[in-house]
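Working notes, beginning with the structure itself.
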Amino acid sequence: MATDFIREIVEEDLHAGRYSTVVTRFPPEPNGYLHIGHAKSICLNFGIANEYGGHCNLRFDDTNPTKEEAEYAEAIKRDVTWLGFSWGEHLYHASDYFEQLYRWAEDLIRAEKAYVDGLTADEIRAFRGTLTEAGKESPHRNRSVDENLDLFRRMRAGEFPDGTYVLRAKIDMASPNINMRDPVLYRIRHETHHRTGDAWDIYPMYDYAHPLSDAIESITHSLCTLEFEDHRPLYDWLIENVPVPAHPHQYEFARLNLNYTVVSKRKLLRLVEDGHVRGWDDPRMPTIAGLRRRGYTPASIRNFADRVGVAKRENVIDVALLEFSVREDLNQIARRVMAVLEPLRVVIENYPEGETEWFDTPNNPEDPSAGSRSVPFSRVLYIERDDFMEEPPKKFFRLAPGREVRLRSSYFITCTGVSKDAGGNIVELRATYDPATRGGDAPDGRKPKATLHWVSAEHAIDCEVRLYDRLFRSENPEESGDFFADLNPDSLKIIADAKLEPSVRGAAAMMRFQFERVGYFCVDPESTSERLVFNRTATLKDTWAKIAKN
RNA sequence: UGGGAGGUCGUUCAACGGUAGGACAGCGGGCUCUGGACCCGCGAAUCGGGGUUCGAAUCCCUGCCUCCCAGCCA
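Position 199 of the first sequence, counted from 1, bears residue number 633 in my numbering, the numbering being contiguous throughout.
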């Protein structure tokens, strides 16, 4: 059953026998990293191909040598693969078709449907007219076929400098659709292309290369975003006027927008180049690489893409939905572990000095097959500073003087005293434990109101934890002219000495954990065997935090 | 003011002439050795005005609002 209007079209086409198999394509330009918006398109294109038994091509739209680099192409392949999709044998490049595209351009010239124009870029703009006024025809519009052919061949041969000539389609300078006012098909660029090297001095425009590349690859459904809707008449014109082997159709859907986020390539590039983030894969970036490093799972991104749906209406998705999607997945698969981010020492005064007990605790209560592990308990522990209040307000159920709480999987403890430094800051808590509650349950059935996570001081390993918050302060950072002014100064907070239970020692890069009661964390690739570094993927919902805020 | 597209809970997707539904967010409750998760519940929408029809979010007319287009970018 179709779940969106594009799948409805695909089903109808298949049902009507217009195509025997569905072929889609994901056509990134290798001039930047893929972001969450691309993920939507990837999931759509590869998803449809998978669902209807067709295939999806990965095609690099590398028609502009001035902006494109092989490094980006590699990153794109890595990201698509990581998301869980495969193009199989179908890896293509628009640049693979340059020769065919060139021959078709000559065909167009011979059919008097294209001409070489010598107007300057400024003149072409001036001749194009405006949104409300028709354009004027170029004085070169009616060159002879022979002259056009000669000029076009010499353009290819590199005889002319950049900008002197372009090849234009001869359509209609009075069209209300500006894209049909003799659009430029080829321009001269004396530039080295990352794949074709110096073989070409002319390069096709997107509007020319895209539909014809689709046709060459027998694409059935060419899916793109709304801003190309106006280009569809040109797409169709080319398919009709060039002897292509197939007749693909273009369909448009609304791009993904996320609040508190920018996803324009240009702006992401500036964030990287101006050093506002540490790179394309900075965990605060909405790039696939950034989300990966942040600890997002491929499944969570795919689920997110399914949830946001596909339609033509402009939309701004709440980042909370993205966060929900990771939590949902990580809750099922992430191993639980205890870590204390802001340590507060607790001395259990009636616990024997030098003794250690090991307690069994589940690795994932949501998944019994994940098994369990042992955590060491001793006389001196760390608990979270937030988990203690000397004068607890009404709904604060955690530790306070005289109050008993459970330490997860070990014992009930009661706070018996508070030590402060000269400045009045709490430096240590004193407590007693109840030996009868060994393992975490009281024989008399009493239930503490809170269960805290903890780490044995003697056994704890130190680690670095990077806490991320949204990169921008306002919902729509694009709205204000200077989006840099909207950067959140607290988007990264580094905790240099968090305390971790010893079972995590040696965790490999990219391993994901839930720090119980704190959030989901992922081992950063910068981690070493001596020093673990974690990125916070997402917080756990903390009801108390919400109460405290109000 | 030319052309193209779009207006449904706060957000998003659905309902394809027959009870406007789901998800996220919010609020309330239950349960819990994570104040997590989970479970239950609540509030919440068809852009306006006409018309067709037994019946309209859906069809027609009209008005309004929003987005996109004047790169030799994609």
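All C-beta atoms, glycine included, are put in the ideal place defined by N, C-alpha and C.
Spatial neighbours of residue i in its chain, beta-carbon cut-off 7 Å, leaving aside the 5 residues before and after
i	result
G743	D438
D988	Look at the range of the chain in this structure, 435 to 984, and you will see that residue 988 is not part of it.
E892	S812 and V814
S961	A943 and V967
L668	N613, M614, P617 and D641
E787	R813
A555	G597
F738	L755, L756 and S759
D903	N922, D924 and S925
Contacting residues, own chain, Cβ-Cβ under 8 Å from residue i (five flanking each side not counted)
i	result
G419	Nothing in the structure corresponds to residue 419, since the chain is present only between 435 and 984.
D606	M614, R615 and D616
V579	I543, R544 and E546
W792	S808, V809, P810 and F811
Exposure label - residue i; buried when at least 16 CB within 10 Å
i	result
L525	exposed
I636	buried
R828	This sequence places Lys at residue 828; Arg is not what is there. Exposed.
S734	buried
M435	exposed
D513	buried
A979	exposed
E661	exposed
F906	buried
I612	exposed
D752	exposed
P802	exposed
L702	buried
A591	exposed
T977	exposed
Q766	exposed
D855	exposed
T1009	With the chain covering 435 to 984 only, the question about residue 1009 has no answer from this structure.
P877	exposed
W634	buried
A608	exposed
F917	buried
P499	buried
G836	exposed
H707	The residue asked about is misnamed: residue 707 is Glu in this sequence, not His. Exposed is the call here.
T626	exposed
Short Cβ contact (7 Å threshold) for residue i with residue j
i	j	result
G729	N922	no
A603	A548	yes
L974	C897	no
F822	L833	yes
Y385	L619	Outside the shown range of the chain, which is 435 to 984, sits residue 385, and nothing can be said about it.
D763	T731	yes
H628	E502	yes
M772	V889	yes
I981	P936	no
E862	T848	no
I622	M589	yes
Q534	R770	no
R761	A972	yes
N797	S808	no
G953	R689	no
L672	P645	yes
D495	E463	yes
A884	F846	no
Neighbourhood of residue i by C-beta distance below 6 Å, restricted to the same chain and skipping five residues each side
i	result
A483	T458, H489 and C490
E663	E686
F480	C490 and F519
G724	D715, D716 and P717
T630	S529
H574	D551 and G552
M945	V957
I817	L778, V780, L886 and W888
L583	I543
Open item on the list: At 3 residues or longer, what runs of the beta strand (DSSP E) sit wholly inside the segment 572 to 640?
Closed with: 600 to 603, 618 to 622 and 636 to 638
Open item on the list: Between the segment 905 to 921 and the segment 834 to 852, can you find at least three pairs of beta-carbon atoms closer than 8 Å?
Closed with: no
Open item on the list: Tell me whether the segment 773 to 787 and the segment 923 to 937 touch, counting them as touching only if at least three CB pairs, one residue from each stretch, are closer than 8 Å.
Closed with: yes
Task: At least 3 beta-carbon pairs within less than 8 Å: the segment 639 to 657 vs the segment 673 to 680 - done: Cβ pair count under 8 Å is three or more, so yes.
Open item on the list: Measuring CB atoms only, is the segment 469 to 480 touching the segment 445 to 460, in the sense that at least three cross pairs come out at less than 8 Å?
Closed with: yes
Open item on the list: Going residue by residue through the segment 658 to 743, where are the continuous alpha helix (DSSP H) segments of at least 4 residues, counting only ones entirely within it?
Closed with: Annotation: the segment 658 to 743 contains the following complete segments of the alpha helix (DSSP H) (minimum length 4 residues), in chain order: 666 to 675, 699 to 707, 722 to 728 and 732 to 742.
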